[in-house]
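First the structure, in the form of structure tokens, and then the observations on it.
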Amino acid sequence: MTAGTVAVLCAAVLGACSTQETAGPESGVTIEEIQEPQNFYEGEYLGQRVTVSAEVTDVLDPSSFELAGQEYGEDSLLVQTAAPTEVRQGEVVRVVGTVGQYHRFAESEGVPPVQYDMYEEYETEAYLYDATIEEIGA
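When you line the sequence shown up against mature numbering (1 follows the signal peptide of the UniProt record, and there is no 0), it's residues -23 to -1, 1 to 115, in that order.
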């Protein structure tokens, strides 16, 4: 067995031992990775286009909803779509969007404006904007 094969097998075993998540298949990055302080504040994902698949835990309005990465929603992620979209709570979706921190950006920097008080609970957290959605299961 080559070292590469061993590394792939170890990664598969470690992935199978992780905590229960509500993520769907082919998640790209996890919500936890996006929200992890060293990844977010050091810029690893900030401004980057990412793919995440997870369960919709709350629909805020026709263009905004929340995804949960873990079973109890500890690392929720706010998602803003460019156009109204129909998603339902409990639906598993694949989302492609750009990671931002909405209250720190100005509209002139290309990030769509967000009504601040509507999303006050997400202050200083990462969110996805200009997102596109694909349903992948219920």
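For every residue, glycine included, the Cβ atom is placed at its ideal position computed from N, Cα and C.
Residue i and residue j: beta carbons closer than 8 Å?
i      : j     : result
Ile11  : Val56 : no
Glu111 : Arg71 : yes
Glu43  : Ser53 : yes
Ala108 : Gln78 : no
Ile113 : Ser30 : yes
Would you call residue i buried or exposed, if buried means 16 or more other Cβ atoms sit within 10 Å of its Cβ?
i     : result
Glu63 : exposed
Leu37 : exposed
For the candidate residues the options, whose alpha-carbon lies nearest to that of residue i?
i     : options                     : result
Ala59 : Ile113, Glu13, Val33, Val73 : Val73
Tyr22 : Val6, Ser30, Val36, Glu32   : Val6
Since residue i contacts residue j with CB under 8 Å, what's their CB separation in whole angstroms?
i     : j     : result
Thr28 : Ala45 : Going by Cβ atoms, the distance from Thr28 to Ala45 rounds to 17 Å, so no, they are not a contact pair.
In the structure shown, what three-state DSSP assignment does residue i receive?
i     : result
Glu43 : strand
Glu9  : helix
Gly24 : coil
Less than 8 Å between CB atoms is the rule here; does residue i satisfy it with respect to chain D?
i      : result
Glu111 : Note that chain D does not occur in the displayed structure, where there is just one protein chain.
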